[in-house]
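Q: From first to last, the protein sequence lines stand for chains A and B.
Here the first sequence is numbered in our numbering, starting from 10 and rising by one per residue.
Here the second sequence is numbered in our numbering, starting from 117 and rising by one per residue.
From the three backbone atoms N, C-alpha and C, an ideal C-beta is built for every residue, glycine too.
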Amino acid sequence: MSLSPQSDASAIAPATIVPSPARLAVRLDWLGVLPFLLFALLFLLLPTGCLLVGAFQDAQGHFTLANLSHLLEGNVLAAYRISLEVSAVSAAVGAVAGFALAWAVVQGGLPAWIRPSLLTFSGVAANFAGVPLAFAFLCTLGRTGLVTMLLHRYAGIDPYASGFSLLSFHGLVLTYLYFQIPLMVLIVTPALEGLRQEWREASDSLGGTALHYWLHVALPVLAPSVLGASLLLFANAFGAVATAYALTGSSLNIVTILLFAQIRGDVLHDPNLGYALALGMILITGLSSAGYLWLSARAHRRQA
Amino acid sequence: MKPASRVGAWLAIATGSLYFLLPLFATFEFSLRMRREAYSVEAYRVVLTDPGFQSAFAYSVLMALLTVVASIALVVPTACWIELKLPRLRALVEFITLLPLVIPAIIIVFGYLRLYNSSSILPLTGNARATDLLLVCSYVTLSLPYMYRSVHSGLRAIDVRTLCEASESLGARWSTTLMRVVAPALKSAIMSGAFLTFAVVIGEFTMASLLDRPAFGPYLQLIGANRAYEPSALAIIAFLVTWAVMGLIQVVTRNAGGAGARRRTPGA
């Protein structure tokens with residue numbers, strides 16, 4: 010999907026060298042965005058594009074589909090599966106929990122000070138990802154974490170004895186939720202604020218129950234923004250590296266960690282496998298983001 | 117509001133607070149336990165006096181500041197130019213600025229390593245200074261969604277076309293208009309974009325680690341793998357830094373015409 014802006018950018022280039030006096034003003038106009046387009050080309054589009062090309066080349070630069078067969082190897086497939094599962098579960102739970110929190114502050118009849126507090130905290134927590142987040146969860150639910158100890162001492166439950174581990178699928182999902190839920194709150198709160206009081210009143214005066222209102226009025230209106238936001242959450246979790254790496258080292262086999270190790274040369278170095286991994290990641294995040302763009306365009310049209 | 121739904125709302129907030137505050141409390145409590153006998157701020161003292169922390173943090177602050185300056189210099193003129201002269205490119209530029217949210221950082225940096233390796237025409241990974249430059253460029257790329265959105269909504273709130281025409285009719289050049297008319301009017305939008313960029317960049321791990329630069333993110337990871345109490349102190353420090361930056365954003369957007377701008381939009 011990064012190919013289309015590239016071809017747009019190259020389509021611009023001929024226009025700038027057409028030596029027609031009538032088009033002088035037009036030609037100068039393009040110069041204003043040239044630095045930006047050049048920067049985007051050098052540091053965003055070309056780097057991504059060269060990986061896409063590399064995925065279809067062998068070591069000598071000839072065209073091949075052999076790299077893609079790496080994607081079907083056992084541990085690579087398993088890594089993709091775990092990554093997809095972690096992203097999907099953390100996006101789904103994050104979307105539901107974030108929606109519940111946003112609903113509570115917008116329509117729950119709570120004291121007015123709670124809404125700005127929640128939004129400010131969400132702004133902080135959505136950006137509090139990466140290595141420090143992993144530390145915080147190790148202190149909380151790690152083997153000697155505070156909550157683990159408290160549960161053991163006062164409730165007689167030892168989470169680790171019953172198979173829980175922070176350095177596992179569930180632990181990773183629980184940790185990702187710390188930035189997924191706030192992100193959902195930030196995206197969905199404006200959409201909930203867009204629901205008009207009159208709609209609820211109209212539904213009530215026509216004899217509708219709360220369930221009718223939610224099923225036939227609120228949810229259909231909100232569906233594009235909620236689904237779109239969930240896709241964004243999915244892409245967000247799928248591309249995350251730092252939190253997972255700091256939490257589990259390389260013990261959990263997810264795609265970003267595999268690619269990270271591949272680039273660092275920690276594992277048997279095979280650049281073509283790296284390109285194939287990158288291609289798969291670009292396809293998956295690209296598709297979910299295209300879905301997000303489509304849905305958010307629909308959401309804007311609904312609310313306009 | 118019906119009592120049942122209010123109970124539900126309180127329940128949601130209570131569960132949410134528990135989930136979000138417990139890790140912070142647990143981390144803080146753990147960070148105070150470095151001395152066996154009693155709570156102390158020993159871990160913070162050890163961290164703050166560690167030369168490794170000081171150099172990594174200073175390096176990341178410097179990189180973040182350079183990123184903020186470069187990002188403003190790249191985004192503000194482009195956004196103004198699009199708004200004033202080339203509105204038909206708006207969709208393309210907006211699309212490009214959203215791409216860094218779509219393409220994971222690890223993909224972008226992998227592309228750099230392939231494109232700018234020491235045997236390429238532009239060997240930016242060849243020496244340390246060139247790699248610093250590449251790191252700043254990668255951070256500017258990461259900052260594009262935040263900076264562009266912020267500046268773009270700022271431009272929407274002021275009547276930039278009239279301002280620029282007034283400035284031009286008084287004989288000002290484009291650069292003068294940009295520096296003396298547009299930039300001051302966009303101050304709060306630029307500032308909030310800048311702070312958000314700073315927050316994103318200061319603890320960034322993936323780019324810095326794979327470009328092998330001594331930044332704060334990789335330092336955090338290294339300490340986390342080797343020490344017991346210091347990581348929790350560092351997590352609290354990182355949280356406070358993020359909190360401070362977000363607080364500053366609230367201050368600049370509240371003070372500088374944010375409310376006035378919002379009031380003007382429906383009429384426009």
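Would you check whether the ligand FAD has a heavy atom nearer than 8 angstroms to the C-beta of Y155 of chain B?
A: Inclusion of the ligand FAD in the displayed structure is not the case, the ligand content being empty and no account of it being possible.
Q: Any residues in the stretch 226–254 of chain B with a beta carbon nearer than 9 angstroms to a beta carbon of chain A? Which ones, in chain order?
A: Those residues of the stretch 226–254 of chain B that come within reach of chain A (Cβ to Cβ, closer than 9 angstroms) are F226, G227, Y228, L229, R230, L231, Y232, L238, L250, C253, S254.
Q: Give the C-beta separation of S254 of chain B and F52 of chain A to the nearest angstrom, bearing in mind that I take them to be a contact with Cβ-Cβ under 8 angstroms.
A: About 7 angstroms separates the two Cβ atoms, so the contact holds.
Q: Which residues in the same chain as E210 of chain B place their Cβ atom closer than 8 angstroms to its Cβ, once the five residues preceding and following it in sequence are excluded?
A: Cβ within range, chain order: Y264, H268.
Q: DSSP on R379 of chain B, reduced to helix/strand/coil?
A: Note that R379 of chain B scores a pLDDT of 41, beneath 50, so its modelled location is shaky; the value from the coordinates is reported in the next line. DSSP places R379 of chain B in helix when its eight states are reduced to three.
Q: I think Y262 of chain B touches V316 of chain B, with their Cβ atoms under 8 angstroms apart; what is that distance to the nearest whole Å?
A: Yes, Y262 of chain B and V316 of chain B are in contact; Cβ-Cβ is about 7 angstroms, under 8 angstroms.
Q: Could you pull the start and end residues of the alpha helix (DSSP H) that I365 of chain B belongs to?
A: Residues 346–371.
Q: Taking P139 of chain B and A145 of chain A to be in contact with their CB atoms under 8 angstroms, please state how far apart those CB atoms are, rounded to whole angstroms.
A: With 8 angstroms as the limit, P139 of chain B and A145 of chain A qualify as a contact, their Cβ atoms being about 4 angstroms apart.
Q: Taking the beta carbon of V308 of chain B as the centre, do at least 16 other beta carbons fall within 10 Å, making it buried, or is it exposed?
A: At residue 308 of chain B the sequence reads Ser, which differs from the Val that was named. S308 of chain B comes out buried.
Q: In terms of residues, what are the limits of the alpha helix (DSSP H) holding I224 of chain B?
A: Counting along the chain, the alpha helix (DSSP H) containing I224 of chain B begins and ends at 221–231.
Q: What does a CB cutoff of less than 8 angstroms around E94 of chain A pick up in its chain, not counting 5 residues either side in sequence?
A: Hits under 8 angstroms: F178.
Q: Taking just the CA atoms, how far does H161 of chain A sit from F226 of chain B?
A: If I take the Cα positions, the gap works out to 44 angstroms.
Q: Tell me whether F65 of chain A sits in a helix, a strand or coil according to DSSP, three-state version.
A: It is coil, neither helix nor strand.
Q: Chain B beta carbons: is any one of them nearer than 9 angstroms to that of S19 of chain A?
A: Only weak support is given to the placement of S19 of chain A: the predicted model assigns it a pLDDT of 42, under 50, and the value that follows is read from those uncertain coordinates. No, because no Cβ of chain B sits closer than 9 angstroms to the Cβ of S19 of chain A.
Q: Can you tell me which of B:V297, B:G287, B:L250 puts its alpha carbon nearest to the alpha carbon of L182 of chain B?
A: Here the closest residue by C-alpha is B:L250.
Q: Take the Cβ of F169 of chain B as the centre, count every other Cβ of all protein chains shown within 10 Å, and call the residue buried at 16 or more, exposed below.
A: F169 of chain B should be labelled buried.
Q: Which of helix, strand or coil does DSSP assign to F72 of chain A?
A: In this structure, F72 of chain A counts as strand in the three-state DSSP scheme.
Q: Using the three-state DSSP reduction, which class does E281 of chain B fall into: helix, strand or coil?
A: Three-state result, E281 of chain B: helix.
Q: Can you list, in chain order, the residues of its chain with a C-beta nearer than 8 angstroms to that of S92 of chain A? Leave out the 5 residues immediately preceding and following it.
A: Cβ neighbours of S92 of chain A beyond the five flanking positions: F247, I263, V264, T265.
Q: According to DSSP, is S260 of chain A helix, strand or coil?
A: Looking at S260 of chain A - three-state DSSP - the assignment turns out to be coil, as it is neither helix nor strand.
Q: By Cβ distance below 8 angstroms, which residues in the same chain neighbour S121 of chain B in space, the five residues on each side in sequence not counted?
A: Within the same chain, S121 of chain B has no close Cβ partners at all.
Q: Of the residues that make up the stretch 161–184 of chain B, which ones have a beta carbon closer than 8 angstroms to any beta carbon in chain A?
A: Residues passing the 8 angstroms Cβ filter: none.
Q: I want to know whether the stretch 286–305 of chain B touches the stretch 323–343 of chain B - three or more CB-CB distances under 8 angstroms.
A: Too few Cβ pairs lie closer than 8 angstroms, so no.
Q: Do Q189 of chain A and A242 of chain A count as a contact pair if the criterion is CB distance below 9 angstroms?
A: It should be noted that the sequence gives Leu, not Ala, for residue 242 of chain A. Yes, Cβ-Cβ distance for L242 of chain A and Q189 of chain A is below 9 angstroms.
Q: Would W197 of chain B be called buried (16 or more neighbouring beta carbons within 10 Å of its own) or exposed?
A: It is buried - the Cβ of W197 of chain B has at least 16 other Cβ atoms within 10 Å.
Q: So F48 of chain A packs on L229 of chain B, CB below 8 angstroms; how close in whole Å?
A: Not a contact, Cβ separation roughly 19 angstroms.
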